[in-house]
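For reference, the structure discussed in these notes is given below.
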Amino acid sequence: MSFIVAFVWSFMLWLVLTAGTKGMLWSPEEIIAGVVFSVIVAYSTRNIIGEKTTRFLNPIRWVEFVVYSIGPLFWGMVKANFDVAYRVITGKIRPGIVRVPVELENDAQYTILSNSITLTPGTLTIDACPEEKALYVHWIYVREEEPKSSEPVSGSFEKWARRLGR
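If you're matching positions, the sequence shown starts at 2 in our numbering and goes up one per residue.
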């Protein structure tokens with residue numbers, strides 16, 4: 002099943018990235034190349050994806066991911082850009098590494114939250130420790146040594162990571 006899911010995702014991504022070339026949606030060569038490359042990707046990643054692969058085939062999850070990407074994630078990136086610009090201009094920078102406690106249940110949730118934090122300027126996820134239920138994050142302006150929750154560092158990202166990675 003993981004092979005099929007990886008193939009479908011790879012082929013859909015191929016179709017999105019190649020749409021509209023040569024005056025039509027897809028040429029026959031693009032479709033054939035997409036199938037070949039999708040088979041290669043699916044075969045090489047079939048053991049990495051895991052046993053809960055069918056969750057990625059749910060169209061509701063796709064809609065949730067798009068809503069998250071153009072909503073909370075984009076807004077968090079905009080706010081972080083302005084914050085970093087302010088700190089660079091004023092010189093108010095107190096960098097440090099903080100332990101951020103999280104309430105996540107699986108690797109997919111840790112990956113979503115870690116990548117979301119890293120995408121926002123001024124933060125970089127250094128390590129994810131599921132056994133400690135924590136992330137270690139380099140933060141451009143450490144307000145407190147160890148935050149009580151992930152809210153000061155990641156905003157609403159943890160809530161979305163729980164929802165998207167379930």
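No residue lacks a Cβ here, since even glycine has one placed at the ideal position from N, Cα and C.
Fair warning: this is a prediction, and the values are worked out from it, not measured in the lab.
Assuming the contact rule is C-beta atoms closer than 8 Å, residue i and residue j should be a hit. Round their C-beta distance to whole Å, please.
| i | j | result |
| --- | --- | --- |
| L120 | H139 | Actually they are not in contact, since the Cβ atoms of L120 and H139 sit about 14 Å apart, beyond 8 Å. |
| P122 | V85 | 4 Å |
| N116 | G166 | That belief does not hold up - the Cβ atoms of N116 and G166 are roughly 11 Å apart, past 8 Å. |
| S169 | P73 | Here the chain covers residues 2 to 167 and nothing more, so residue 169 does not appear. |
| Q110 | R163 | 6 Å |
| I141 | I94 | 6 Å |
Could you check the C-alpha separation between residue i and residue j for me, to the nearest Å?
| i | j | result |
| --- | --- | --- |
| V143 | E152 | 13 Å |
| A135 | A129 | 6 Å |
| E77 | M2 | Looking at the sequence provided, one finds Gly at residue 77 rather than Glu. So the alpha carbons of these two residues sit roughly 35 Å apart. |
| S11 | A43 | 7 Å |
| A81 | E147 | 20 Å |
| V37 | F8 | 10 Å |
| S70 | K160 | 14 Å |
| G35 | T46 | 16 Å |
| I5 | N59 | 14 Å |
| E1 | E31 | Outside the displayed range of the chain (2 to 167) lies residue 1, so it cannot be described from this structure. |
| S28 | L14 | 16 Å |
| I118 | G92 | 22 Å |
So, is residue i buried or exposed, given that buried needs 16 or more other C-beta atoms within 10 angstroms?
| i | result |
| --- | --- |
| A20 | exposed |
| S39 | buried |
| L18 | exposed |
| L26 | exposed |
| I113 | buried |
Which residues bound the alpha helix (DSSP H) around residue i?
| i | result |
| --- | --- |
| G77 | 75-91 |
| I118 | 108-120 |
| L18 | 3-19 |
| L26 | Element bounds for L26: n/a, residue is neither H nor E. |
| L165 | 158-165 |
| E65 | 60-69 |
| S155 | 152-155 |
Would the beta-carbon of residue i fall within 9 Å of that of residue j?
| i | j | result |
| --- | --- | --- |
| V64 | V154 | no |
Starting from residue i, trace the beta strand (DSSP E) in both directions and tell me its first and last residue.
| i | result |
| --- | --- |
| I127 | 124-130 |
| V172 | In the structure as shown, the chain begins at 2 and stops at 167. Residue 172 is therefore absent and cannot be evaluated. |
| V138 | 135-140 |
So is the beta-carbon of residue i under 8 Å away from any non-hydrogen atom of the ligand SAH?
| i | result |
| --- | --- |
| P131 | Looking at this structure, you won't find the ligand SAH or any other ligand, since it has none at all. |
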